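For the sequence shown, this note's numbering gives the first residue as 342, with consecutive numbering after it.
Below: one structure, written as structure tokens.
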Amino acid sequence: MKLFRLTVFSLFLVSQLFFNCQKSGDIEEALEIEMPEEKEEVEEPKEETPEASETFDIISESNPRVTTHHLQSGPSGFQIGITSNGGGVINEVVIPGLGDIMGPESDRYGRAGQVAIRDASHGGRYNPTQAGFFETLGSPCAITQTEDGKKLIVEPRPLALWHGDGQYDFTRWENIGEDPYRNDGGNSDEDGLDEEGLEGKQLDEVKSEFDYYGTYEDISGQYGISIGIVKHYYQISFIRPPGHCINQHRAGTKLWNPDAVQSDISIKAPSGVHPGSDKDMNVMTGVWSLRHDRSVWTTKYLYYRKTNGQWTITDKESVGSGFPDADNTVFILSDSNIETEGKALGLYQPKTDVNKNVIIGINETDNSIAYKDFRGNLIKLNYDLKRIPTMSKYGFSNRIRGMINRTQLDDNIYEAYRNEVYIIYGTPKEIKDAIALLDEGLNI
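Given below as structure tokens:
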């Protein structure tokens, strides 16, 4: 029965249009791709699940260009920077000899290096976003650096919804900051709820049912790798029961799409049937991406690995619907088509257990992993050399059947969506060699 439902889900994805979810802030979902075959693999060490940290207001006014924490990796001076003003998003990537390639075009809360999720049933506008709500309304967070300076930890905290991309105004209140809708008088919205007496006002309207947790770790020197390489893990937890925030996007509202609702969201786990509703995520897309200013670094070439394990190079400016022969796990941006020369930045989402079984059930009594589920994960490279003429965008997208709200699960269990990505600097050949060493070390 699960296999039958998986087949139906695949057919649904091929036919489903994702509602013109172009985002004004430039966070978006992916195009459709083939369903990868699910294979058995060696079990990896269990990822530690985080515990709750101190609390902040979900959003506040702040400057998206301020970098509060830095992490250097390797001997060349490669460095990333993140900000506690906006959810620990990446707003600095230092390329040796060039400096920070994230300038005014990419240093925005809607464009920084980050993850965001959305789903088809809510029209793509119930959109928990790492950075915050709007371009100067970020989500403040606590960031801890380990004593050896090798790891930055973005402590768990709630995710805000992005503002609706000009298509759905759900914020009656603007007491913390303005939304982008200029015809609402600053005191109205479209969700049909009486929010005059809403205790938290705008803070309650934008506080989603999800929490974010992430780490950035310098692993240069591990697995025999000598160049700059940062491992980034992130986890988005459906930790709160359905409340006011998701109810603003309920069935019957402007963008609700009942055709996307799943008859059973789970595939292998949890056991049993878990039908989707307007309180669940149905046909969910998670996008993690980086951006940089082309005025600082003008890349021309993209190296990617094919399904046969061989590397190829292209000067194509956008993947569009994807490279049909790509393995969809790794690519390298470079300013040189000679692999031993130039500057290059690689992104790698390896086929680890974390990246295969992207949904986990967490037992909050002891923070253990109760189950894992493939959830029909469809993976795609995102690459747009000229997302706008002055900025490049690139990363990965995952499309899954959905996520189950905790009221459908056993007591003390909630679901989380997770991924891990490696950010690597060197020449194209150095990055290829590092990936080969990483594959060997990870038993891939």
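Ideal placement from N, C-alpha and C gives every residue a C-beta, glycine not left out.
This one's a predicted model, so the numbers in the text were calculated from it and none came from an experiment.
Assigned exposure category for S604 - 16 Cβ within 10 Å defines buried = Per the 10 Å Cβ criterion, exposed.
Would you kindly work out how many angstroms separate the C-alpha atoms of N516 and S529, rounded to a whole number?
-> Taken atom to atom, the span from the alpha-carbon of N516 to that of S529 is near 12 Å.
Beta-carbon proximity list for A777, same chain, < 8 Å, skipping 5 on both sides = Closer than 8 Å at the Cβ level, and outside the excluded window around A777, lies no residue.
With which residues is P499 paired in a DSSP beta bridge?
-> Answer is D552.
Go through the stretch 436–495 residue by residue and report every complete run of the beta strand (DSSP E) that reaches 3 residues or more, in order.
-> Whole beta strand (DSSP E) segments, 3+ residues: 455–460, 473–475 and 484–486.
Report yes or no: do three or more beta-carbon pairs, one from the stretch 706–717 and one from the stretch 586–597, lie closer than 8 Å?
-> No: fewer than three Cβ pairs fall under 8 Å.
Does the beta-carbon of G429 have 16 or more other beta-carbons within 10 angstroms, so that it is buried, or is it exposed?
-> G429 should be labelled buried.
Inter-residue Cα distance where the pair is R740 and D398 = Looking at the two C-alpha atoms, the distance is approximately 30 Å.
State the DSSP-derived secondary structure class of E379, mapped to helix, strand or coil.
-> Residue placement at E379 is flagged as unreliable, the pLDDT there being 35, under the threshold of 50; the coordinate-derived value follows with that caveat. E379: coil per DSSP, three-state reduction.
To the nearest angstrom, report how far apart K721 and R459 are at their CA atoms.
-> Approximately 16 Å between the Cα atoms of the pair.
With DSSP collapsed to three states, give me the class of T748.
-> If DSSP states are grouped into helix, strand and coil, T748 belongs with the helices.
Answer yes or no: do G444 and S636 have a C-beta to C-beta separation smaller than 8 Å?
-> Yes; because the gap between Cβ atoms is below 8 Å, this pair is in contact.
Buried or exposed: P497, going by 16 or more other Cβ atoms within 10 Å of its Cβ?
-> Its Cβ being crowded by 16 or more others within 10 Å, P497 is buried.
Ignore the nearest five residues each way along the sequence and tell me which others in L783's own chain have a CB closer than 7 Å to its CB.
-> Cβ neighbours of L783 beyond the five flanking positions: P691 and T693.
Between the stretch 605–623 and the stretch 727–744, are three or more C-beta pairs nearer than 8 Å?
-> Contact holds: three or more Cβ-Cβ distances are below 8 Å.
When the Cα atoms are used, what is the spatial distance from I436 to I423?
-> Between the alpha carbons of I436 and I423 lies a distance of about 15 Å.
Hey, L686 and Y766: beta-carbon distance below 8 Å or not?
-> Yes, these two residues count as a Cβ contact at 8 Å.
Are the beta-carbon atoms of L500 and Y564 separated by less than 8 Å?
-> Against a cut-off of 8 Å, the Cβ pair of Y564 and L500 comes out as no contact.
For the stretch 615–674, list the beta strand (DSSP E) runs that are entirely contained and at least 3 residues long, ordered along the chain.
-> For the stretch 615–674, whole beta strand (DSSP E) runs of length 3 or above, ordered along the chain, are 622–634, 642–647 and 652–655.
I560 vs K572 beta-carbon contact at 8 Å = Using a Cβ distance threshold of 8 Å, I560 and K572 count as a contacting pair.
What's the call for G650, buried or exposed, on a 16-neighbour Cβ count within 10 Å?
-> With fewer than 16 other CB atoms across the displayed protein chains lying within 10 angstroms of its CB, G650 is exposed.
Residues in its own chain within less than 6 Å of I494 by CB, not counting five upstream and five downstream?
-> Excluding sequence neighbours, I494 sits near T485 and T556.
Decide if the stretch 448–467 is in contact with the stretch 530–538; the criterion is three or more beta carbon pairs, one per stretch, under 8 Å apart.
-> With a cut-off of 8 Å, the stretch 530–538 and the stretch 448–467 do not count as touching, because too few Cβ pairs lie within range.
So, are the CB atoms of R759 and I701 less than 8 Å apart?
-> A contact, by the Cβ cut-off of 8 Å.
Measuring CB to CB, does K697 end up less than 8 Å from A667?
-> No, the pair does not count as a contact, with Cβ atoms beyond the cut-off.
My guess is that F511 and D532 are in contact by the Cβ rule of under 8 Å, so how many angstroms apart are they, rounded?
-> About 5 Å; that satisfies the 8 Å criterion.
Any idea what DSSP makes of D535, helix, strand or coil?
-> In the structure shown, D535 sits in coil (DSSP, three-state: anything other than H, G, I, E or B).
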